Amino acid sequence: MRAIEILGLEKIYNAGFWRRRSKRALRPLTLAVEEGEIFGFLGPNGAGKTTTLKILMGLVFPTSGSARILGMELDDPRMKGQIGFLPEQPYFYDHLTARELLRYYGQLSGVDATQLSHKVDAVLEQVRLSESANVQLRKFSKGMLQRAGIAQAILHDPKVVFLDEPMSGLDPMGRREVRNLIEDLKAKGKTVFFSTHILSDAEALCDRVAIINQGELRGVGAVAELTASVHGKVEIVWHGMSTPAGIRSMGAECHAAGDTMRVILPEENQDAALEALRREHLRVISVVPVRTSLEDYFVAQLGGPAKSEAVSARG
Amino acid sequence: MNSRILHIATNTFREAVRDRVLYNLIGFALLMSAAAVLVGQISIQIERLVVINLGLTAVSLFGIVIAIFIGIGLVSKEIDKRTLYTVLSRPVRRWEFIAGKFFGLSGTLVVNTFFMAIGVFAALAYVSHHFESSDVGILVALYFIVLQFVIITALALFFSSFSTPIFSAIFAFWLFVIGSFAQDLRNFAHMTHGLAHWLATGAAYLVPNFSALNVISQVAHGEPVPHRLILLNTAYVLVYSLAVLSGAVLIFERRNLK
């Protein structure tokens, strides 16, 4: 069974005082996410990511189309008991302590009363908020609020977790923790659907990604597939500061970094370049084909020049 | 009451109780009761009348202010701060959220009224040194005041389900003012003819009849409140509040939470 199935979901908002101006936030979107996947929903700000998530959460009603989660309709309370949701830049009842907040959400999610305290303690430990469990949320930093947000999303052991910009506002350590948490969820067989515009996070975590821009789906697929296209170039890295003269004439782009040299050159010149390095007794560290990065693919789908193309154009 | 409504109501109650503004208003109401004692001391022979009148009016007015002040933000604040997102993404239906908010604030107002009523009775005991059998009427007046709060809470919630807090406050306050003259509006309707009669009659029955829920003066003069009025007022408030809440639910069920 598919975890998430979106069929032609469209949202048009009526704007203006008389509501006569219409704004299309989402063009008919069709998408499917398999169970157990980490699925990245990528797009620039205002692309329609949050609108899609809000529709899936039943907060906004679609103009047309439909969606099912775990095979159930969006307004089915049984389905809502099996999903978790972290909104973008979450804000919670700041009169509550972290423990009270999680107890409240646990009660609303129908967590068994005898299990609730244990589950709250466990999830507080998981997001490293145990020491702040009895502090009111109005005294929390942005990073702590984000962790509390993740805690409330996974407290009731949901099958599908929706995270809207989960790394937003986090420092590098916090981002790593969230990444680890998402990987833990996958290891437990959960489906994670998260929106982000931080491509490195998506590249590191996702099994598949979808790219959306101006409410329109621009591409979807496994990260490895999307980044599989090779530019016909190869990157060679070696130890040392010198570059054999022959390599420069092969149309190579040379970059020095510390005590290593890195060149990108046409694939057909790879053997000749390696031979030149051997003659100079330089120690080769790596030889890898240059692949399209997710960023290149993302920019290309958004209509801008890919980084590698831009580099070539400048060269 | 289902458990989700109960949990939302409990959270609403806890939020209101932890809100400092609420304590200020209670403090001010208690100050009013203290003022009633002072006025009572300088009002020869009519101390009881003045204390009951002023005390119950203070309870009513401050309760109304609390009901409007908190009620208008019950839904809009949750949307603005996006706290609603993590509630409605759970197995909570929108009508349950509205019902929970309503019971939570109504409960808060009942508790507040209880404490303010203690202030009134303390003031009364202070000026007259004893209670009379007719003072039972004060409890009825307090019950009617709570019924007023129930309607105001439902109205504030109704406006809050589609309007901004400022407009919600204006609408709720004006309905309270107009509703306090509902009986006069009905009398006026009897005196008019044609279209004006129908319009005035319609308006008179549409606005909440707060004048029927105000027996403060009657109670202060020691006059009994008929049992029939208690029964009718209870039924009226239940029906009226249910209708207003149904309207709030109908609007909120269709609202996009942008």
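If you read the sequences in order, they're chains W and R. Take any residue in the first sequence, note its place counting from 1, add 22, and you have its number in the working numbering. Take any residue in the second sequence, note its place counting from 1, add 205, and you have its number in the working numbering. Idealized CB from N, CA, C, for every residue including glycine. Remember, it's a predicted structure, so these values are computed and weren't measured experimentally.
Check	Outcome
Bridge partners for W/Cys276 per DSSP, in chain order?	W/Val285
Alpha carbon to alpha carbon, how far is R/Phe393 from W/Phe184?	59 angstroms
What are the boundary residues of the alpha helix (DSSP H) that W/Thr73 is part of?	Lys71 to Leu78
Between which two residues does the alpha helix (DSSP H) harbouring R/Thr313 extend?	Arg299 to Ser333
Per DSSP, which residues does W/Val309 bridge with? Please list them.	W/Ile258
Can you look up W/Pro50 in the DSSP assignment and give me helix, strand or coil?	strand
Determine, for R/Val449, whether the minimum Cβ-Cβ distance to residues of chain W falls below 7 angstroms.	no
So W/Gly165 packs on W/Gly191, CB below 8 angstroms; how close in whole Å?	6 angstroms
Please classify R/His432: is it buried, with 16 or more other beta-carbons within 10 angstroms of its beta-carbon, or exposed?	exposed
Relative to the ligand FAD, is the shortest distance from any of its heavy atoms to the C-beta of W/Leu203 smaller than 6 angstroms?	Ligands in the displayed structure: none, and consequently the ligand FAD is not present.
Spell out a yes or no on whether the segment 32-50 of chain W and the segment 232-245 of chain W are touching, meaning 3 or more CB-CB pairs, one atom from each, closer than 8 angstroms.	yes
List, in order along the chain, the chain R residues whose C-beta lies closer than 7 angstroms to that of W/Gln174?	Thr291
Please check if any C-beta of chain R sits within less than 7 angstroms of the C-beta of W/Met94.	no
Roughly how many whole angstroms lie between the Cα atoms of R/Val316 and R/Ile303?	20 angstroms
Cα-Cα, which of W/Lys210, W/Thr73, W/Gly62 and W/Pro84 is closest to W/Gly30?	W/Pro84
Got a sec: is the Cβ-Cβ distance from W/Lys329 to anything in chain R below 7 angstroms?	In this prediction, W/Lys329 scores a pLDDT of 48, lower than 50, which makes its location untrustworthy; no coordinate-derived value is stated.
Which residues in chain W sit within 9 angstroms of R/Lys286, going by Cβ to Cβ distance?	Tyr113, Phe114, Tyr115 and Asp116
Counting along the chain, where does the alpha helix (DSSP H) carrying R/Glu220 start and finish?	Ser208 to Val222
According to DSSP, simplified to helix, strand and coil, what is W/Leu167?	helix
Are any of the Cβ atoms in chain W nearer than 7 angstroms to that of R/Glu458?	no
Under a Cβ-count criterion, where at least 16 other Cβ atoms within 10 Å of its own Cβ denotes burial, should W/Glu225 be classed as buried or exposed?	buried
Along the alpha helix (DSSP H) that carries W/Arg100, what are the first and last residues, could you check?	Pro99 to Lys102
Quick one, are the C-beta atoms of R/Gly342 and R/Val424 less than 7 angstroms apart?	yes
In whole angstroms, what separates the C-alpha of W/Glu27 from that of W/Thr52?	8 angstroms
Considering only the alpha carbon of each residue, which of R/Phe415, R/Ile357, R/Val297 and R/Asn258 lies closest to R/Leu450?	R/Ile357
When we look at the beta-carbon of R/Ser365 and count the other beta-carbons within 10 Å, is it buried (16 or more) or exposed?	buried
According to DSSP, simplified to helix, strand and coil, what is W/Arg301?	helix
What residues from the segment 55-89 of chain W come within 8 angstroms of chain R, judged by C-beta to C-beta, listed N to C?	Lys76, Met79, Gly80, Leu81, Val82 and Phe83
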